[in-house]
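A.B. asks:
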Amino acid sequence: MSSTRVEDPRVLALDDPENVTALRKRTTLKERLWTGRSSAGKFWVAISPALILYLVFTVYPMGQVVVASFTDARGFNRAWEFLGLDNFVRIFSGDPVLMEAVGNTAIYGFFKIVVQTVLAFLFAVLLHRQLRLGNIYRAIFFAPMVISPVAIVFVWSFMYDPTTGTFNTILRSLGLGGLAQDWLGNYDLALYSVILVDLWSGLGFNIVIFLAGLSTIPGEILEAAKVDGARGWKALRFITLPLMIPSIGLVLVLSINGALRAFDTVYLMTRGGPGNSTQLYMTQVFQEGMVNNNFGYASAMAVLVIIVLIAIAAVQNRLNNRIAAEEEGR
Numbered sequence: 001m002s003s004t005r006v007e008d009p010r011v012l013a014l015d016d017p018e019n020v021t022a023l024r025k026r027t028t029l030k031e032r033l034w035t036g037r038s039s040a041g042k043f044w045v046a047i048s049p050a051l052i053l054y055l056v057f058t059v060y061p062m063g064q065v066v067v068a069s070f071t072d073a074r075g076f077n078r079a080w081e082f083l084g085l086d087n088f089v090r091i092f093s094g095d096p097v098l099m100e101a102v103g104n105t106a107i108y109g110f111f112k113i114v115v116q117t118v119l120a121f122l123f124a125v126l127l128h129r130q131l132r133l134g135n136i137y138r139a140i141f142f143a144p145m146v147i148s149p150v151a152i153v154f155v156w157s158f159m160y161d162p163t164t165g166t167f168n169t170i171l172r173s174l175g176l177g178g179l180a181q182d183w184l185g186n187y188d189l190a191l192y193s194v195i196l197v198d199l200w201s202g203l204g205f206n207i208v209i210f211l212a213g214l215s216t217i218p219g220e221i222l223e224a225a226k227v228d229g230a231r232g233w234k235a236l237r238f239i240t241l242p243l244m245i246p247s248i249g250l251v252l253v254l255s256i257n258g259a260l261r262a263f264d265t266v267y268l269m270t271r272g273g274p275g276n277s278t279q280l281y282m283t284q285v286f287q288e289g290m291v292n293n294n295f296g297y298a299s300a301m302a303v304l305v306i307i308v309l310i311a312i313a314a315v316q317n318r319l320n321n322r323i324a325a326e327e328e329g330r
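Residue numbers for the sequence shown follow full-length UniProt numbering, beginning at 1 and rising by one.
1) Below 8 Å on the Cβ atoms is my contact criterion, and I expect Val197 with Thr105 to pass it. Report the Cβ-Cβ distance as a whole number of Å.
2) To the nearest whole angstrom, what separates the beta carbons of Thr71 and Phe88, a pair I think is in contact under 8 Å?
3) Figure out for me which residue from Leu319, Val118 and Phe110 has the closest Cα to the Cα of Asn257.
4) Could you say which of Ser69, Gly41, Glu328 and Ile47 lies nearest to Ile306 if we only look at CA atoms?
5) Please report how far the alpha carbon of Ser39 lies from the alpha carbon of Ala50, in whole angstroms.
6) Starting from Ile248, trace the alpha helix (DSSP H) in both directions and tell me its first and last residue.
7) Please confirm if the segment 52-68 is in contact with the segment 246-253, defined as three or more CB-CB distances below 8 Å between the two stretches.
8) Taking DSSP's pairing of strands, which residues face Thr71 in a bridge?
9) Roughly how many angstroms lie between the CA atoms of Leu319 and Ala225, to the nearest whole one?
10) For Ile239, which residues in the same chain have their Cβ closer than 7 Å to its Cβ, ignoring the five residues on either side in sequence?
11) Enumerate in chain order the residues of its own chain whose CB-to-CB distance from Ser2 is below 7 Å, with the five nearest sequence positions on each side excluded.
12) Taking Gly202 as part of the alpha helix (DSSP H), name the residues at either end of that continuous run.
13) Is DSSP giving Trp183 helix, strand or coil here?
14) Short of 6 Å in beta carbon distance, which residues of its chain neighbour Leu268, apart from the five on each side in sequence? Order them along the chain.
15) Taking all protein chains shown into account, do 16 or more other C-beta atoms lie within 10 angstroms of the C-beta of Ala324, making it buried, or fewer, making it exposed?
16) Tell me whether Asn104 sits in a helix, a strand or coil according to DSSP, three-state version.
17) Specify, as a first and last residue, the run of the alpha helix (DSSP H) that Met159 falls within.
18) Closest to Gln116 by CA distance: which of Leu199, Val308 and Val208 is it?
19) Using 8 Å for Cβ pairs, my map puts Gly202 next to Pro274. What's the rounded Cβ distance?
20) If you check the beta carbons only, do Thr270 and Ala190 fall under 7 Å apart?
21) Express the C-alpha separation of Ile147 and Gly204 in angstroms, rounding to a whole number.
22) For Ala124 versus Leu241, is the C-beta distance shorter than 7 Å?
23) Between Phe142, Gln181 and Phe295, which has its C-alpha nearest Met159's C-alpha?
24) Please determine, among Val150, Gln316, Tyr192 and Phe286, the residue with the shortest C-alpha to C-alpha distance to Thr278.
25) Can you find the residues in the same chain that come closer than 7 Å, C-beta to C-beta, to Gln316, ignoring five residues on each side of it along the sequence?
26) Let me know if Glu288 comes out buried or exposed under the rule of 16 or more other beta-carbons within 10 Å of its beta-carbon.
27) Can you tell me whether Ile113 is buried or exposed? The criterion is at least 16 other CB atoms within 10 Å of its CB, across all chains shown.
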């Protein structure tokens, strides 16, 4: 039984020189982009998609904020009038609401930068020593890292409820009902109640950074320190702390960044109230820009934060370079 072979018209016969030439011309887009280019050209081609997205969604909006900070921008339906430095002068002239927000941010920053860093370091040292039930402790500290901030706010708001909340229920069951409070409605307690939520939710991330730093300390150094009599506090002070400076610096920079940019927890829980007791710098920026429709003034406030963050990043980069140079010189 004979069979007839049907040639696919899309298949070119390689015994025909013209077809071979045609195949060589069938290069892919990737080959046309890369062939004949220098290493620098290939680099720019490779990063161009991400670079375009960064320019469109980060650099351009930031540039718009800078431009708006020198104007009386109050929306996009009217022309912006140039005001020069008037918005910045207003910021430094002592706006009472802004000054209260700055004061609250300073208090928030102290707990975020100092208290949270110290607690994270101590817990990391304890967890690094392989304590009993260590996995349970790790789960408790690391849980907030995988929980949505909205869910965290919802749970803590329920716990703070003055009527059925967890804290007041426990106090009443212990016969301490007189200590029950409206934790988020009390002008003097609201800020510290929100700070507690942020301390708990951010502690795990800092612990991870410190654990990573502790894992890089050679065991031989610690053993040699024990032989020389450096144990407990002495080993922590003279061995562990100096070797953890890069990790501590990273945590401090991230904490400062977080304190200056703090917004979501406060806004979702209290919206800056009661009064302005929990109003932070960034919630005030949102209030001015999105509620009061004063985009120009809010943009000026945001520009100051950008300048501070850039300065902090520059200092951190310089310190890292100095530490790296010292390590290479040893």
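Note that CB positions come from ideal geometry on N, CA and C, so glycine has one too. Just so we're clear, the structure is a prediction, and the values are computed from it rather than from any experiment.
C.D. replies: Per the coordinate set shown:
1) That belief does not hold up - the Cβ atoms of Val197 and Thr105 are roughly 16 Å apart, past 8 Å.
2) Incorrect: roughly 12 Å between the Cβ atoms, too far for contact.
3) Phe110
4) Ser69
5) 18 Å
6) Ile245 to Leu260
7) no
8) Phe82
9) 27 Å
10) Ile221, Leu222, Ala225 and Ala230
11) Residue placement at Ser2 cannot be trusted, given a pLDDT of 49 that sits under 50; the coordinates are not used to answer.
12) Ala190 to Ser215
13) coil
14) Val153
15) exposed
16) helix
17) Pro149 to Met159
18) Leu199
19) Between Pro274 and Gly202 the Cβ distance is about 24 Å, and since that is not below 8 Å, they are no contact.
20) yes
21) 12 Å
22) no
23) Gln181
24) Tyr192
25) Gly249 and Val253
26) buried
27) buried
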